[in-house]
Every structure is written in structure tokens, then in C-alpha cells.
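Student: Below is a structure I'd like to ask you about.
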Amino acid sequence: MSDSLEGPEDLPAMLPGCAADPVSALRSMFVDVVQGDRIARQDTVLRPVFLKAHGTAHGLLTVDPALPDDLRIGFLKAAAEGTGLPAWVRFSSDTLPNRPDLRTTLGIGIKLFGVPGPKVLEAESEADTQDLLLQNHDVFFVDTARDMCEFTRAGVIEHDYESYLRDHPVTRAVLDAMAKPEDSVLTAAYWSVLPYAFGAGRHVKYKLVPTGCASGNPQATPHDEDPSFLRGDLRHRLAAAEASFDLMLQFATDDEHTPLDRATVRWEEAVSAPVRVARLTLSRQDTTGRGQAAYGENLSFNPWHSLPEHRPVGSIGEARRTVYQASAARRRDANGIPVAEPGPARPPSTEPLPARDTRIVRAAIHPAIGVARVGDSAEEFFLAPEIDAPPPTPTEGYKDATGALKRQAVRFRVYGYNAAGEPVAELTADNADLRWTVHVANKKAAWYQFQLALDIPEAADAKPSTLRNASVRERKKLIIDPGARSIRGRDRSGKPEFRFDTGTFMGTPVYLGELRTDQAGRLVFLGGRGAAASLDHKPAEDFANNDGWYDDISDGPVTAEVTIEGRAVPVEPAWVVVAPPNYAPELISVRTMYDLLQDMYVTAGVLTPPEKVSFTRDVLPVLRRLCGLQWVNRGFAFQFGHGAHEHLLDPDRLARLANAAGVHREARRQVWSCLRDLDRDGPSPVPWPAVYGDAMNLPPVSARQHLALSPLQYRLLTRWADGYFEADYDPYAQAPTSLDALPLAERPQALDRAALTFCLADAFHPGCEFTWPMRHLTLYSSPFRVRHRPPPSAGSPSDDSYGEVLTPQAALAVDGPLYAQGPGGLTRWMALPWQTDTASCRSGYYLGYGPRYDPYLPTFWPARVPNHVLSAEDYAIAVDAARPASERTAAFERRAAWLRWLPGSYHDQMNAMVTDFGKLGIVERRPGADDDPSLPATMLVESEVTFPAEPAPPANRNLLTLHVPSAEEAAARDEAVAGAVARAEPPDEEVAAGFVAKVKRFPGTR
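Heads up, the sequence shown is in the UniProt record's numbering, so the first residue is 1 and it goes up one at a time.
This is the structure in C-alpha cells:
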């Protein structure tokens, strides 16, 4: 509730009744009681509400030339007919000036100038102004003017808000929700709360959405140390760069969903989507400049300072007309300010802005670690994500016209920094000369076998990590190293000198990718096309270690030479990794590579953990990721999917989990208590998430059988469960969908984070994109930046051999392989070829004996390598409104095995993956059911596969993988497999049975 409404102790004897005349009663309470008391006590009389000012800024409201004529109404028409409308904008909080900013309701008052035409208020009929008033919550806390009167009487007259709130739970809930923290008035979204006319016969609410602003002071801790931090933040951001907001209109549709006089009812955006009509841009300025603050405080903001086309509607809007006008008149009279509307807008200050250091003294490449992915398309590719929430790629956007899988390219950028370490500008061909150099290699065949991550205790009991291709003496012939390539300029591609195609494996040429540049001269790197083969044409037998085989995965350093106006600038280098395809591009694993590295740096004291837990930043991503896996694993669909008993994104449940109130503590703790604690849970598969860990083995031998969240994630979620978090969840907030939508200062870090967010951290068995060395600080020169090894001098010994067996002691030694890296240093630890491991990373391995926990859980890497998917056929049934509801639901709940197209036994499928990896489906976003709330409005569906139509896989094939330990010996295999298949449940499941080396890593276990 507003703590600005504090009335005096001596109350007037008589006040109008709220039932008979709520408007007069409100006027009396606001103006006579509250403001009258302030006149007696304040030298400069303040407003009755939103009286804590954060600053006033000047700007310009512009309209897109393509705005349709039916939206060019009133002030929008005036803006469209010229170069825009000058605006003065006041930012404030609905609290007393001496109260802290945190968890106050923010308000924004906009006064537009240059709006011709008679106005609603007779006294201002010739004024050329139009006012807009909004606040940072989308509903009001009472419905009508009478309700507002009774609420105000309870506090101002009776001094007993609590009794009123006890009887009005909706009001209490809205007030609680309005008390949300904001980091800046320039990054908050604002709503008009109340409806307005929009020409004849139409009504709208306004919404103001931030589109970009300069970053605040990274060294400030405003919430704790500065009770008025919003004022300083506004000044700092606008001194650094302009800020902008999009003005949106939400049209009323009907009395039930978009009522005009029930202000607590949210106009759901699913019913009426906001339409962008204008942009408000606040230019770079000093908000503390001479006279600017005083000018803003002397302005009167009233929604009735308006053209008739935009007049307020509803009883609260009507009350505002009287109350706001009387309040402004009394305040201005007491302060000696003319009551009339101002004339032309006050011109912007001509005083020089505070100096900002824009001299670039160093530069850095971002992302610090870029990830490209292989694909079998001859030419087509798409760019890797550059932000955490990129817009969905159009359906079939990952396959070319032939059905081949496109490669994922990664784009590198250079940012220039000043002496304070602040980003000054992105350096492109427009403002600098850039020469890029990349050196990738593939060293898998010359490295050691993968048995288990060598940095966990269980590695001592695993098989020894011997050399791959141990019989080959000329080890360099096993290394595919085409050397470095360089490129400069704009739009460069296609030339032989940019291709990594001169490296060989045992004399066989292997293409590892190529360099390109975009129109701005940024580097675009493409990796290989997924080629893998055996020189002696022998089939692959193992999930990770196949002698005689090669693939075209690679990695290596990325450097740049940069000059600005002839002056060379030192540049921090980057690294590129080529990884297997991402078959579920929108999904993010429960623990990402970014989560792992952030925890590593926080543990080391290099990075500081968040001072406050944010529900939106720290908690919601974990909930979303758990639910997102419903589209790639049947077990997760049953547990966390739409309509499931643990569907954490159900709006009602999510609202409770996002609420910090004590009444919801048990709901939060129930979720938290389900999260895996390795010390408490051991190898139990029941806690969340049901994902395999680094020491996965059948039968289990370790608590690391399964994944746990990082220690930092777990600590943040513990504080959330106990109620110590910022309840900042906004179901209508929209994350930036492009890098350019972020302030410049945030873009370098966003690139680093996004590249690693779409990579897995578990299980390192050995891994999908990276493996276990990534969690060792010695590998890095600075956060997220791999340490480069100097090129070896001529005749120097190779660093790639540590004897016939790589022991944990040698791997972790000071002179071991976990320090500075050369080309091929990261991917050498991975499976060879990658396809055999991808085909082996399934879920719910069945032991072939005894009871099983779940045929679909736990799982390895479903966010990258799906287990079970919603097929295109079942999707078509689920969204078909003409079909019976039961049939649609059954189709939606069905999941088909993603690998069902691969033929034969498990070993046959491993080898088929080598040639057919590009034919498998991609999990893509498609519209869901808009007529049935029991089905989701959006579904992720398997794209069209490009296998021959005949023979098609069996209908509803579940493709369980049975691990049969006794089948390790060839002589016993057939009998053991036959017995396991006979005991499979239910009997109609398709079974790929046999010995699966991936899930038996310890000798002697059965």
C-alpha cells in the first residue's frame, strides 16, 4: 500500500460518504486532509502520491512511418505528422522521500508537447499537452472509485489498513505484488492500469516496455547502501547513453476479459496482445542539470490533460479528474507556481555532459569460448545463440532443402575497453582494422582412451586409460592439423585459403571447417560436416574408443590483430570448439557449462556470488529446464510435463513458488527437498534431476551415479526455499531476443554466457560438447577464457604423451595436460567417433535382471540427444480440433523413441549413426492447441526425418536399451540377450539388447 498517504491526527469533523459520493470523499481525504496537513508542515508542498522523485528527463516520442491509419489516433497522429513529440518524463515512487526505494511502486509521468486540439479539461482547452501516467504493475489494487474511497478512509481516517485488507484479500494480494524490487527505473516495464478511450468505440490500456539503456555503476550496491539508489542509477545511465521504451496498446475485447471498471482484473495478453505504436527515446543527458529537477517537480500530471480521443474511462478514472486537478491547484498555489499548463517544452540543457572515458586501450574477443556444431548440409548453416533466450528458429530451419542437417556456425566479435575496464564500443570493419587467425586440430586418435573422468575418486577403480591406436608409432600421423588460417575484411568466404582442409589422418585428408566474415568484418567459423570413418572399414565396437577411426571434430585458439586509426590495440584471445549437433536447440540442461564455470570461479573467490537471490534469474531457470525436458524424455514428460503432478510451470503453482510470503514456504521447500544432495541421497535415482552423473555404472557404485546441481545453484535455491529472495517474477516480462536489445555494456558477458548456457556440464561420461578438464581453474587465463599454449619451437618434444597409460596423478599434476592448451587440446578427451557416444546416450538402461526403477529414467543428455519425442504424426492428432478429446490427449502423451529409425541391435545402431546422424529429427517449436486448455499452447515436435519411408519403424516403438552384463563375452551373448528380451516389460516394447560398455566402467561389477 502507499505509505505516502499519512493523514494528520486532527481530522475534519465531517467527510462525504463513500457510498453516496466517493469522488468528493476522495477529494477531501487527498486534498483537504493529507495535502492540507503537508501545506502546514512543508516549505515546498509535495504531491499526495508518487511524491518521491527519482529524476526528470527530456525525450522524444516517435511513430513508425508504417503505423496503420486506424492506429494514428490523437497524439499518435500528431507524432506521425511531424518528427515526433517532445516529452518530459518524471520518474518516482509511491512512498515518502525519506523511505528506501526498494520494493516501492514505481510511477512514470509523461507530458507530451505539440499535441494540437481542444482538451477535455475546459481550463486547458488550448494547451498543446497530453499526459500519460503509468506504474510498474499491470493491475490496480481496488476495482472502483467506491472501493478506493473505502480503502483510503481505512488508512487516512481510521488508521487501520489491516482490518480492511483482512476483509479484501484481492487488494492485499495486489499490494503485495506491487511491492517488487526494480534495479532501475529505465529497465522496468510500466502499465497504465486503467483503461482509456482510443477514438470512437475503442478502449485501450497503455504499456511501456524498455528496449535499451546504458548500464549502471557495476561497483554500486544500491539496495543495501543507498536508500535512494534509483535516483543515482537514473543519472548514471542517462549520462552514459540514451534509453528507450516502446509504447504499446492493449485493446479491450469484451466485458468479461477486459472490463472497463474492474481495475483488479488483469487484461491477459493471451486474450489481447499488446500492439507497438510508438517509441519514447530519452537522449543522453544530465538529470541533475541546472533547473531540470525543479522543472519536473513543478509539472502537473493528470490523465485528463488529454485529447477527447484518449479520455479516461471507469469510475477510478473519473475520480482522478477531480482529485488530481484539485491537488495540483492547491499544491501549485501553495508553492507559488502558475496553475496553467506549461507552454512549449523546456529546451534540453546546453551544459556539457560529464566526461566519459572513451579511449580504447585494450580489446577482447567474445564469446570467450565459442561453440560450432557439425552438420551434413553441403553449404547451409545457422548462427549459434548469442543471448540466453533467442527467438525460436522457424520450423524446419535446421535442415536444408535436401533434408540435410545444417551446421551451427559461431560468430566472434571484438569489443574495445577503456582503462576502467568498461566496454566502449564493438570494433568492426567500420571503426577498426581486424585480422582474425584461427588454428584448429583434431588429436583424438593420438590421445588416451576415455574410461572415466580422471578427477573423481572412482577413477582409481576404473579400467586404465591407455593410448588410443597404441600400435601406431608415428603418433603425429594420427593428428589432423591443417595449421592456422587468417582472414580480414567484409563478407569473405569460399576461398581455399580460408578452409581447414589440409590436415590428414594417416594420410587421408580430413576437412575440419572454414573461416568467413560477415558484413561488419566479424569472424564466422564453421566446423566439419560430421564425417567419420574407419581406415580399415571395421565397424565401431565401443561407445568412446575405436582404434583406426577418425572424425572431424576440432578445437583451437582464436586470435585477432586490431588497429584503430593506425594504433595497435592488445586483444584478449578466445577459443573455438566444434561439437556434435544439438538435436533440441531450444532446450537447456538443468546444469549448464556456464553454471559449472560460474560455480568454479565463485568457489575460487574470483567472482562474487549474487548478493541477493532473484527468483527470475536464479530459480526460474531451473524450474523451466526441468519442465522443458518433457519434450525429449518420456519420464520427464510424466513427471514435469504439461498437466503432470510436478508441472512446476503451471501458472497457479508458479505464482506460489515465486511468492516470498511465509504462507508459501512449504510449497517452496517441497520442491527444494526433492533436489539431489549427494551426501544424503547416495546413488538413489529418485531425487531431481534424474540425470546420470560422472561415475555412472550398472550396477551403481557411487553417489556420483547421478547429477546434482552445482553448489552455487544449491545455495541460491536453499535461500529461495527459506524465503530470502527477491520476488521479481513477472509473467508478462519479455526477455531480450537479440544482442542489440541489450545495453552495450552487457553484450560481451551475454555472448560468453549464451555460448556456454547451451552446452552441457553433465554427465562427463565423457561429455557432449566438453568434458571434465573444463572444471579445473588451471585451464583458464581469466573467467571463461582458455589459457593458450605458445606454439612449440622446432624440434621440441610433444606435450601430447604422458606414457602408455594416463593416470589420475599424471592428469592432475602440475606439468600435466590441464594447463595451457594448444589446438585440439579440449576435444581430444572426447569419444572417437562422436556418433558412437551420441547413439549410446540413452535413458533407463535395463539391467536384464531384477526390478527396474523406470524404463525412461535416469537419462544422459536429453537436452542435446533426445530419448523420446512427440512425433509429427501424434502432433497432428493432438492439435486436430475435429478429433475426440481422448484421442488427442492420448496422442499428446505418446512419445516415440528418437532413435527408432536406426536399425538392428545396439551395435548396429551405433554404426548407423555415423552415416545417418543428419537424417534424425530436430525437436522444434510449433503452435499447440488453442482450443483445449488441457493441452499446451506451444509444443516441441520432432521435425520431418529423411529416412526412406519404407520400411518405417514399428508404431509406438519405445526402443528400450537393455544392458546385459553377461553378454560382454561373445560366446554368452546370444543366450544372454535372448533371455533379457524375453523378460522385457511390457512385452510390446522394442528392445535393443546387448552389452553396453558405456554403462559398465568398473571391472568386476555385475
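Cβ atoms here follow ideal geometry from the backbone N, Cα and C, with glycine treated the same way.
If you reduce the DSSP assignment to three classes, tell me which class Q219 lands in.
Tutor: For Q219, the predicted structure reports a pLDDT of 32, less than 50, and the residue's modelled location is therefore unreliable. A value from the coordinates is still provided. Three-state DSSP puts Q219 in coil, outside helix and strand.
Student: Considering only DSSP beta bridges, list what M248 is partnered with.
Tutor: Paired residue(s): K207 and R276.
Student: Give me the Cβ distance between A745 and E426, rounded to the nearest whole Å; I'm assuming they're in contact under 8 angstroms.
Tutor: Actually they are not in contact, since the Cβ atoms of A745 and E426 sit about 11 angstroms apart, beyond 8 angstroms.
Student: Go through the UniProt domain "L-lysine epsilon oxidase C-terminal" (701-860) residue by residue and report every complete run of the alpha helix (DSSP H) that reaches 4 residues or more, in order.
Tutor: Segments of the alpha helix (DSSP H) lying fully in the UniProt domain "L-lysine epsilon oxidase C-terminal" (701-860): 711-721, 747-757, 808-811 and 834-838.
Student: With a threshold of 16 other CB atoms inside 10 Å of the CB of Q809, please say whether the residue is buried or exposed.
Tutor: Exposed, by the Cβ-count rule.
Student: For the alpha helix (DSSP H) containing M506, name the first residue and the last one.
Tutor: Unbroken run through M506: none, as it is neither H nor E.
Student: When burial is assigned at 16 or more other CB atoms within 10 Å of the CB, is A353 buried or exposed?
Tutor: At residue 353 the sequence reads Leu, which differs from the Ala that was named. L353 should be labelled exposed.
Student: Express the C-alpha separation of A278 and N545 in angstroms, rounding to a whole number.
Tutor: Approximately 59 angstroms between the Cα atoms of the pair.
Student: Under DSSP, the alpha helix (DSSP H) around V170 begins and ends at which residues?
Tutor: Element bounds for V170: P169 to M178.
Student: Take T211 and list the residues in its own chain whose beta-carbon comes closer than 6 angstroms to its own, dropping the five residues that flank it on each side.
Tutor: Only S244 and D246 meet the Cβ criterion.
Student: Taking 7 angstroms as the limit between beta carbons, can you name the residues of its chain near A462, skipping five residues before and five after?
Tutor: Q451, L452, R1001 and F1002, listed in sequence order.
Student: Kindly indicate the opening and closing residues of the beta strand (DSSP E) around P651.
Tutor: Premise fails: P651 lies in the alpha helix (DSSP H), P651 to L657, not in any beta strand (DSSP E).
Student: Residue range of the beta strand (DSSP E) that A574 falls in?
Tutor: That run of the beta strand (DSSP E) goes A574 to A579.
Student: In the DSSP assignment, the beta strand (DSSP E) including Q451 goes from what residue to what residue?
Tutor: Where Q451 is concerned, there is no enclosing beta strand (DSSP E), given that its DSSP letter is neither H nor E.
Student: Determine the direct distance from the alpha carbon of R715 to that of H664, and round the result to whole angstroms.
Tutor: Going from the Cα of H664 to the Cα of R715 covers about 19 angstroms.
Student: Between the alpha carbons of R634 and E611, how many angstroms are there, rounded?
Tutor: Computed Cα separation, rounded: 38 angstroms.
Student: Does A252 get closer than 7 angstroms to chain B when you measure Cβ to Cβ?
Tutor: The structure shown contains no chain B, having only a single protein chain.
Student: Here's a check: name, in chain order, each residue in its chain whose Cβ is nearer than 6 angstroms to the Cβ of T437, leaving out the five neighbours to either side.
Tutor: Cβ neighbours of T437 beyond the five flanking positions: A484, S486 and T559.
Student: Taking the alpha helix (DSSP H) that W631 falls in, what are its first and last residues?
Tutor: No alpha helix (DSSP H) contains W631, which DSSP labels as neither H nor E.
Student: Taking DSSP as the reference, what is the three-state secondary structure of W191?
Tutor: W191 falls in the strand class under three-state DSSP.
Student: Just mark N98 as buried or exposed, buried being the case when its beta carbon has 16 or more other beta carbons within 10 Å.
Tutor: Under this definition N98 is an exposed residue.
Student: Beta carbon of A754, beta carbon of T592: below 7 angstroms?
Tutor: Their beta carbons are not under 7 angstroms apart, which means A754 does not touch T592 by this criterion.
Student: With respect to the beta strand (DSSP E) encompassing E81, which residues constitute its N-terminal and C-terminal limits?
Tutor: It is not in any beta strand (DSSP E) - E81 instead sits in the alpha helix (DSSP H) that spans F75 to E81.
Student: When burial is assigned at 16 or more other CB atoms within 10 Å of the CB, is E126 buried or exposed?
Tutor: With fewer than 16 Cβ atoms within 10 Å of its Cβ, E126 is classed as exposed.
Student: When we look at the beta-carbon of A200 and count the other beta-carbons within 10 Å, is it buried (16 or more) or exposed?
Tutor: With fewer than 16 other Cβ atoms within 10 Å, it is exposed.
Student: Smallest Cα separation from H868: which of I922, E182, Q835 and A912?
Tutor: Of the candidates I922, E182, Q835 and A912, the one whose C-alpha sits nearest the C-alpha of H868 is I922.
Student: Would you identify the three-state DSSP class for A239, choosing helix, strand or coil?
Tutor: Note: A239 maps to helix in three-state DSSP.
Student: I369 to V562, Cα distance in whole Å?
Tutor: For I369 and V562, the distance between alpha carbons rounds to 19 angstroms.
Student: Report buried or exposed for Y594, applying the criterion of at least 16 other Cβ atoms within 10 angstroms of its Cβ.
Tutor: Counting Cβ neighbours within 10 Å, Y594 comes out buried, since at least 16 surround it.
Student: Out of L832, A53, D400 and L134, which one is the CA nearest neighbour of M913?
Tutor: The shortest C-alpha separation from M913 is found at L832.
Student: CB-CB under 8 angstroms to E804, same chain, minus the five flanking residues each way: which ones, in chain order?
Tutor: Around E804: T466, L467 and A470.
Student: Apply the 10 Å Cβ neighbour rule to S934 and answer buried if 16 or more other Cβ atoms are within range, or exposed otherwise.
Tutor: Exposed, by the Cβ-count rule.
Student: Can you give me the Cβ contacts of A997 inside the same chain, cut-off strictly under 6 angstroms, excluding the 5 residues immediately before and after it?
Tutor: Answer for A997: D542 and F543, listed in chain order.
Student: Tell me which residue opens and which closes the beta strand (DSSP E) that T62 is part of.
Tutor: Its beta strand (DSSP E) spans residues K52 to T62.
Student: Between the C-alpha atoms of E893 and A637, what's the straight-line distance to the nearest angstrom?
Tutor: Roughly 8 angstroms between the two C-alpha positions.
Student: In angstroms with no decimal places, state the Cα-to-Cα distance between D433 and A568.
Tutor: Their backbone Cα atoms lie some 9 angstroms apart in a straight line.
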